[in-house]
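Going by our numbering, the residue at position 427 of the sequence shown is 457; the numbering climbs one at a time, nothing skipped. A quick write-up on the structure given underneath.
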Amino acid sequence: MAGRALLGHRIRTIRKDLGKTQAELAADAGVSAAYLNLIEHNRRTIGGALLLRLAEALKVPPADLTGSEEARLLADLEEIGGDPLFAKTNLDKQDLTKTLGVAPTMASAMVALYRAYRSANEQIDALSERISYDPFLAHAAHDVVSRITSIRSFAEILHDHSDMGHEQREKFTKSMAEESERLSSAASEMFSFLNSFEGARQTMLPADEVDDLLYDHGNYFDGLEKLADELRPKVETDPDHGVFLADIISYLKKKHNVELHRENPEKLDQKNSIWDEETRSLYISKAAPLTASRFEAAKMISRLDAHDEVEKLAASPRLTTDKARQRARESLHGYFAGALIFPYSSFLQTVTDLRHDIEMIQQLYAASWEQVCHRLTTLRRPGEEGIPFHFVRSDIAGNISKRFSASGLQIPRYGGICPRWAIHSAFLTPGNIKSQLVKAPDTSTYLFIARTVTKLGAAFKDPRSIYSILLGCDATYADRLVYADGLDRENADSITNVGLTCRQCHIENCNQRAHDFVET
């Protein structure tokens with residue numbers, strides 16, 4: 031939503047700087063002046079060929095129009111404005127937009143300061159919980175108090191009995207010294223334990239840094255796509271039927287002398303796979319379904335054949351820690367696996383023909399629901415773009431583990447998602463698809479598709495992990511998705527008004543609100 035506001039404003043500003051009228055730019059871009067007027071006033075979403083034509087007519091790179099970095103920054107500023115910290119400040123969205131336009135460095139500094147503030151608060155909360163509940167700390171604290179009590183008792187005895195004999199006084203003095211030494215040792219152990227606390231000062235979590243890397247590239251990595259296209263003919267044995275697990279196993283053996291083994295889950299430390307470079311062996315859990323096994327094997331090809339490209343991307347200054355870089359590598363290897371299994375052009379044609387019927391696509395590619403949804407978000411090749419989707423994965427506690435948005439929808443970074451989103455209600459009907467039309471705070475309408483997926487445990491007694499996945503797009507693309515069939519898009523009553531987070535929600539009478547309504 032923030033990106034859309036900046037896009038229309040940017041087109042209008044560049045056009046005026048060039049001295050062009052709306053009619054002239056519209057003619058150059060091949061659209062009507064009325065339609066361009068709607069674009070400039072942020073009432074139409076654009077992308078693909080039209081965005082390229084506008085960029086060419088304005089003589090600027092397409093990235094200068096989309097301004098993904100600025101859009102993300104504005105979205106962060108708007109979300110920050112909803113924090114109770116600024117309850118009395120009344121940060122107006124228009125003021126935030128102006129600030130970003132006039133002083134972008136100051137806006138970035140504000141976001142950085144807020145992240146540091148959040149990180150410090152979370153560290154304090156986590157440390158407080160750890161002190162309260164950690165068995166070691168509870169024991170250490172008790173030990174310290176006991177030593178102090180003993181030392182005090184010995185000191186009081188020495189003070190109150192001045193006529194005590196020399197030998198007895200020496201005995202109490204020695205005991206007090208020994209207790210003091212034990213106190214020092216116990217205190218040192220406790221503070222050493224606290225200093226090892228992993229909540230080290232971070233202004234940004236590794237997952238957030240990886241999210242920003244994906245946003246910077248629009249979740250499209252041309253180098254990995256090209257490598258996947260080059261390698262696919264060497265891997266698959268039947269181009270008409272796609273890449274099978276047997277194909278990948280054979281390729282890994284012939285090209286890299288890598289053996290694939292199925293291993294009991296308990297030996298893999300709860301991981302889907304483990305790579306042993308010394309023995310050139312890839313161990314995949316026996317509990318992993320065929321779709322997951324193929325994906326893990328395809329990621330192995332990425333580690334061996336796409337290593338240089340992945341390392342180049344992982345060297346981005348966006349990634350400031352080893353944890354962030356490692357997380358990015360795993361994400362990029364997963365991207366390559368998706369590109370290998372789902373060939374870009376043919377996959378785009380297939381999903382278009384099937385009107386994005388994910389279950390049918392699953393059958394054609396022998397893939398999982400999540401894998402298909404992931405691939406749909408990566409169809410951003412300039413000049414050959416698919417629908418700009420957003421994607422969110424959440425567990426049953428509301429923790430977001432994956433997020434990306436190309437649709438213009440702002441996905442909260444610092445708080446929980448609005449409870450009206452279908453991603454939550456999908457948990458009530460596991461495995462069933464829930465379609466939802468929503469109206470966002472900026473009056474934009476979106477189509478949401480949500481469904482739960484289950485990650486099986488290693489064995490019968492092991493718990494299963496259940497996630498809800500939400501895929502969505504701007505409602506202007508609804509006709510291109512089978513999931514909009516039957517939805518009454520003309521009836522306002524069938525559209526759900528949603529917010530982003532409760533702290534920045536505009537819906538005053540929501541009975542699901544977790545925080546008090548703050549009038550702006």
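All C-beta atoms in this analysis are idealised placements derived from N, C-alpha and C, irrespective of residue type, glycine included. Remember, it's a predicted structure, so these values are computed and weren't measured experimentally.
In the same chain as M220, and ignoring 5 residues on each side of it, the C-beta atoms closer than 8 Å to its own belong to L167, A170, A171, V174, in chain order. Per DSSP, the unbroken beta strand (DSSP E) holding Y313 starts and ends at 311-315.
Remark: fewer than three beta-carbon pairs, one from each stretch, lie closer than 8 Å, so the stretch 351-362 and the stretch 442-462 are not flagged as touching. In the structure shown, W451 adopts coil according to DSSP, grouped into three states. When the Cα atoms are used, L115 and T129 turn out to be separated by approximately 19 Å.
Note: R42 is not bridge-paired with any residue in the DSSP secondary-structure output.
Taking a C-beta distance under 7 Å as the contact criterion, A59 and Q52 do not qualify as a contact pair. Annotation for C503: the continuous beta strand (DSSP E) segment containing it runs 495-504.
Going by C-alpha positions, E239 is about 8 Å away from T350. With a cutoff of 7 Å on beta-carbon distance, V422 and L511 are scored as not near each other. Contact check for F434 and T407: beta-carbon distance about 5 Å, within the 8 Å limit, so the pair qualifies. Boundaries of the beta strand (DSSP E) harbouring E289: 289-293, taken from the DSSP string. It is roughly 21 Å from the alpha-carbon of I76 to the alpha-carbon of I479. The count of Cβ pairs closer than 8 Å, one atom from the stretch 207-214 and one from the stretch 180-196, reaches three, so the stretches are in contact.
Within the stretch 173-245, the runs of alpha helix (DSSP H) that reach at least 4 residues and sit entirely inside it are, in chain order, 196-225. As the crow flies, the alpha-carbon of L290 is around 45 Å from that of L81.
Bounds of the alpha helix (DSSP H) holding V381 are 374-383. Taken through DSSP and simplified to helix, strand or coil, T473 comes out as coil.
As computed with DSSP, N527 is found in a beta bridge with K469. In the displayed model, R73 falls within coil according to three-state DSSP, outside both helix and strand. In the DSSP annotation of this structure, V512 is not part of any beta strand (DSSP E), being labelled neither H nor E. Two segments are said to touch when three or more pairs of C-beta atoms, one from each, lie closer than 8 Å; by this definition the stretch 326-346 touches the stretch 264-278. Below 8 Å, enough C-beta pairs join the stretch 240-254 and the stretch 408-415 to call them touching: three or more.
For R355, the three-state secondary structure derived from DSSP is helix. E341 and N527 have their C-alpha atoms some 43 Å from each other. The Cβ atoms of E70 and G38 lie closer than 7 Å to each other. About 6 Å separates the beta carbon of E109 from that of Y444, a gap short enough to meet the 8 Å contact definition. Within the DSSP bridge table, the entry for F434 names F421 as partners. In the DSSP assignment, D335 falls within the unbroken alpha helix (DSSP H) covering 320-335. Within the same chain, and ignoring the five residues on either side of R199 in sequence, the residues whose Cβ sits closer than 7 Å to its Cβ are L188. Judged by DSSP in its simplified three-state form, V483 adopts strand.
Inter-residue distance for S376 and A137 is about 42 Å (C-alpha atoms, whole angstroms). A straight-line Cα-Cα distance of about 43 Å links S437 and N287. Ranking Q542, A367, V483 by CA distance to the CA of K464 puts V483 first. V402 and A367 have their C-alpha atoms spaced approximately 12 Å apart. Boundaries for I426: no beta strand (DSSP E) harbours it, and the DSSP string shows neither H nor E there.
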